[in-house]
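Colleague: Here it is, the structure, as structure tokens.
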Amino acid sequence: MKYRNFGKLDWKVSALGFGVMRLPILDGDPAKIDEPEAIRMIRYAIDHGVNYLDTAYPYHRGKSENLLGKALKEGYRERVRLATKMPTWLIERREDFDKYLDEQLERLQVDRIDFYLLHGLGRARWPKIRDLGVTEWAEEKIAEGKFGHIGFSFHDECEILKEIIDFYDGWTLCQIQYNYMDTESSGRAPGTAGLKYAASKGLAVVIMEPIHGGRLAVTPPPEIQAIWDEAPIKRTPAEWALQWVWNHPEVSIVLSGMSTMEQVVENVESAGRSGPGALTPEELGLFERVQRKYAELGYIGCTDCLYCQPCPEGVAIPRIFAIINEGYTKAREETRERYQREIAPENRAGNCARCGTCEEQCPQQLPIMRLMRSTARFYEGSRS
């Protein structure tokens, strides 16, 4: 395992962190974690050098923190730094800060969290949390020993990131979305400018969605694969994506939400080959071409975070986007047949009632209602 600086702290963090949000599940239900296998995966990662674990209040429908607490028994807690996140969207008054922190400590079965993050900050959520005095509260909790450091995760454009960073000198870390498809500042990610700004202020920068929710790890369209095939060093699509992020010296750690033991093993091995500036100029040129080609093909930036689920009408939004994304260059009829075969009638796009609940929750700020409407028209023949 390779290790990197973690902001201003006198501590080295593993290049790879375990994001505890895409664990193996049973019966297709995110709340039913395959506990023996998930614990085996987490402990394998720790045994092979991973020393940073990231979870949050809503992951796996509220079951991730409980599972992680079990995985950290038998001496594993002492070997890692633990990060979880305050559910900022549930905060109505200052008393809620303590309410959710205490619940999370109980779920995790610990008396102290190393890094406590304000979850999903951006233009909409930050003012309310700020005005309730969250930074003053955080200093009180740090003094009490409830957690060691305060930070935030973020989904918005670079200027809002700068505003949050500049508001408070006590931030230790920020967690942002960054991958080779999210290099420009947008409503879903602060881009390279945000990465560099956070690092310049001394914050540890934790990267989430380096493989865009696994979308950049699937077998790519032939046009994309042809570009990767030009490289003298052959890599899987997932390793290309990870190595691109690790190539940036401003990055402290890259989180991966791993669903199988095979993914854990591959990512641990990939981390061992990582390093700032490790990619050649020629390889970096391939990324620019791949990015342009994906954009031409109409890539939908869904990361399969499942925040849009459950849909009140039962629409399987992430699964529908996965079929569309994986069908870039296939015959449109072939993609339509797969949609009809894999998406049950009660879960299809035509059932969208345009209530807007999904768009309110989507950290990528995708126009889901419009995309569902266009999907229904082509894949179902709907005129809605």
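With positions in the sequence shown counted from 1, the corresponding number in my numbering is that position plus 725. Note that CB positions come from ideal geometry on N, CA and C, so glycine has one too.
Could you have a look at Q902 and say whether DSSP puts it in helix, strand or coil?
Modeller: The residue labelled residue 902 in the question sits at position 177 within the sequence shown. Reduced to three states, the DSSP call for Q902 is strand.
Colleague: Distance, Cα to Cα, G939 vs E964?
Modeller: On the sequence shown, position 214 is the one that residue 939 refers to. On the sequence shown, position 239 is the one that residue 964 refers to. Rounded to the nearest angstrom, the two C-alpha atoms are 11 Å apart.
Colleague: Should D907 be labelled buried (16 or more other beta-carbon atoms within 10 Å of its own) or exposed?
Modeller: Taking the sequence shown and counting its residues from 1, one reaches residue 907 at position 182. With 16 or more other Cβ atoms within 10 Å, it is buried.
Colleague: Bridge partners for V738 per DSSP, in chain order?
Modeller: One-based indexing of the sequence shown puts residue 738 at position 13. R729.
Colleague: Quick one: Cα of V976 to Cα of E1071, how far?
Modeller: Against the sequence shown, residue 976 aligns to sequence position 251. Against the sequence shown, residue 1071 aligns to sequence position 346. Approximately 43 Å, taken between the alpha carbons.
Colleague: Per DSSP, which residues does G876 bridge with? Please list them.
Modeller: Residue 876 sits at position 151 when you count from the first residue of the sequence shown. As DSSP reads the structure, G876 sits in a beta bridge with L842 and L898.
Colleague: Per DSSP, what kind of secondary structure is V859 in: helix, strand or coil?
Modeller: For the purposes of this step, residue 859 is identified with residue 134 of the sequence shown, where counting begins at 1. Residue state, collapsed to three classes: helix.
Colleague: On the DSSP letters alone, give me the boundaries of the alpha helix (DSSP H) that Y1019 sits inside.
Modeller: Mapped onto the sequence shown, residue 1019 falls at position 294. Counting along the chain, the alpha helix (DSSP H) containing Y1019 begins and ends at P1006 to L1022.
Colleague: Can you look up G927 in the DSSP assignment and give me helix, strand or coil?
Modeller: In the sequence shown, residue 927 corresponds to position 202, counting from 1. If DSSP states are grouped into helix, strand and coil, G927 belongs with coil.
Colleague: Taking the C-alpha atoms as reference points, what is the distance between A1020 and A1078?
Modeller: As a position in the sequence shown, residue 1020 is number 295, starting the count at 1. As a position in the sequence shown, residue 1078 is number 353, starting the count at 1. So the alpha carbons of these two residues sit roughly 29 Å apart.
Colleague: Between which two residues does the alpha helix (DSSP H) carrying R765 extend?
Modeller: Start at 1 with the first residue of the sequence shown, and residue 765 comes out as number 40. Here the alpha helix (DSSP H) through R765 covers E760 to D772.
Colleague: Thinking just about the alpha-carbon of each residue, which of R855, R1066, E882 and K737 is nearest to the one in F892?
Modeller: Within the sequence shown, the letter at position 167 stands for residue 892. Ranking the options by Cα distance to F892, first place goes to R855.
Colleague: What are the uninterrupted segments assigned as alpha helix (DSSP H) that are 4 or more residues long and contained completely in the stretch 914–961, given in chain order?
Modeller: Correct list: 916–925 and 947–953.
Colleague: For I889, which residues does DSSP report across the bridge?
Modeller: The residue labelled residue 889 in the question sits at position 164 within the sequence shown. For I889, which the question treats as bridged, DSSP gives no partner whatsoever.
Colleague: Would you call the CB atoms of P946 and L1011 closer than 8 Å?
Modeller: What you label residue 946 is simply residue 221 of the sequence shown in a count that begins at 1. What you label residue 1011 is simply residue 286 of the sequence shown in a count that begins at 1. It is not a contact, given that the beta carbons lie outside the stated cut-off.
Colleague: Would you give the residue range spanned by the alpha helix (DSSP H) that R1095 belongs to?
Modeller: Residue numbering aside, residue 1095 sits at position 370 when the sequence shown is read from its first letter. That run of the alpha helix (DSSP H) goes I1093 to E1105.
Colleague: Which partner residues of V993 appear in the DSSP bridge assignment?
Modeller: Here the question's residue 993 lines up with position 268 in the sequence shown. Looking at the DSSP assignment, V993 forms no beta bridge with any residue, so it has no partner.
Colleague: What is the DSSP secondary structure of R998, counted as helix, strand or coil?
Modeller: Counted from its first residue, the sequence shown places residue 998 at position 273. In the structure shown, R998 sits in coil (DSSP, three-state: anything other than H, G, I, E or B).
Colleague: Assuming V1015 contacts M1097 under a Cβ cut-off of 8 Å, what Cβ separation, rounded to an integer in Å, is found between them?
Modeller: Sequence index remark: in the sequence shown, residue 1015 carries index 290 (1-based). Sequence index remark: in the sequence shown, residue 1097 carries index 372 (1-based). That pair is no contact at about 27 Å.
Colleague: Taking buried to mean at least 16 other C-beta atoms within 10 Å of its own C-beta, is S690 buried or exposed?
Modeller: Residue 690 lies beyond the range of the chain shown here (726 to 1109); nothing can be said about it.
Colleague: For the alpha helix (DSSP H) holding R806, just list the boundary residues, first then last.
Modeller: For this step, residue 806 is matched to residue 81 along the sequence shown. Segment R806 to M811 is the beta strand (DSSP E) holding R806; no alpha helix (DSSP H) there.
Colleague: Counting only the same chain and skipping the five closest in sequence on each side, list residues whose C-beta sits under 8 Å from that of E1008.
Modeller: Here residue 1008 is taken as the residue at index 283 of the sequence shown, counted from 1. Counting only Cβ-Cβ distances below 8 Å, and skipping sequence neighbours, we find A956 and I958.
Colleague: For D779, does the three-state DSSP call read helix, strand or coil?
Modeller: Counting from 1 along the sequence shown, the entry for residue 779 is found at position 54. Looking at D779 - three-state DSSP - the assignment turns out to be strand.
Colleague: Can you tell me where the beta strand (DSSP E) holding L748 begins and where it ends?
Modeller: Within the sequence shown, residue 748 is the residue found at index 23, counting from 1. Careful: L748 lies outside any beta strand (DSSP E) and carries neither H nor E.
Colleague: Please state whether DSSP places K757 in a helix, a strand or coil.
Modeller: Along the sequence shown, one-based indexing puts residue 757 at 32. Note: K757 maps to strand in three-state DSSP.
Colleague: On the DSSP bridge list, what partners appear for S984?
Modeller: The residue you call residue 984 lines up with position 259 of the sequence shown. Looking at the DSSP assignment, S984 forms no beta bridge with any residue, so it has no partner.
Colleague: Starting from D821, trace the alpha helix (DSSP H) both ways and give me its first and last residue.
Modeller: On the sequence shown, position 96 is the one that residue 821 refers to. D821 -> alpha helix (DSSP H) spans E820 to L833.
Colleague: Drop a sphere of 10 angstroms on the beta-carbon of A951, count the other beta-carbons inside from all chains shown, and report buried for 16 or more, exposed for fewer.
Modeller: Within the sequence shown, the letter at position 226 stands for residue 951. Per the 10 Å Cβ criterion, exposed.
Colleague: How would you call S999, buried or exposed, if buried means at least 16 neighbouring beta carbons within 10 angstroms?
Modeller: For the purposes of this step, residue 999 is identified with residue 274 of the sequence shown, where counting begins at 1. The residue in question, S999, is buried, as its Cβ has 16 or more Cβ neighbours within 10 Å.
Colleague: Could you compute how far the alpha carbon of P970 sits from the alpha carbon of Y728?
Modeller: Here residue 970 refers to the residue found at position 245 of the sequence shown. Here residue 728 refers to the residue found at position 3 of the sequence shown. Residue identity check: residue 970 is Val in the sequence provided, not Pro. A direct Cα-to-Cα measurement between V970 and Y728 gives close to 14 Å.
Colleague: If we count the other Cβ atoms within 10 Å of its Cβ and call it buried at 16 or more, is P1037 buried or exposed?
Modeller: The count along the sequence shown starts at 1 and reaches residue 1037 at position 312. So P1037 counts as exposed.
Colleague: For the alpha helix (DSSP H) containing H785, name the first residue and the last one.
Modeller: Stepping through the sequence shown from its first residue, residue 785 is reached at position 60. First-last of the alpha helix (DSSP H) with H785: Y784 to G787.
Colleague: For I978, does the three-state DSSP call read helix, strand or coil?
Modeller: For this step, residue 978 is matched to residue 253 along the sequence shown. In the three-state reduction of the DSSP assignment, I978 falls in the strand class.
Colleague: Comparing C-alpha positions only, which one of N1050, C1033, V805 and E987 sits nearest to K1018?
Modeller: Translated into positions along the sequence shown, residue 1018 becomes position 293. Minimum Cα distance to K1018 is reached at N1050.
Colleague: Below 8 Å between beta carbons: does that hold for L778 and L792?
Modeller: Working through the sequence shown from its first residue, we reach residue 778 at position 53. Working through the sequence shown from its first residue, we reach residue 792 at position 67. Taking 8 Å as the Cβ cut-off, L778 and L792 do not qualify as a contacting pair.
Colleague: Take the Cβ of S925 as the centre, count every other Cβ of all protein chains shown within 10 Å, and call the residue buried at 16 or more, exposed below.
Modeller: The count along the sequence shown starts at 1 and reaches residue 925 at position 200. The residue is exposed, with fewer than 16 neighbouring Cβ atoms inside 10 Å.
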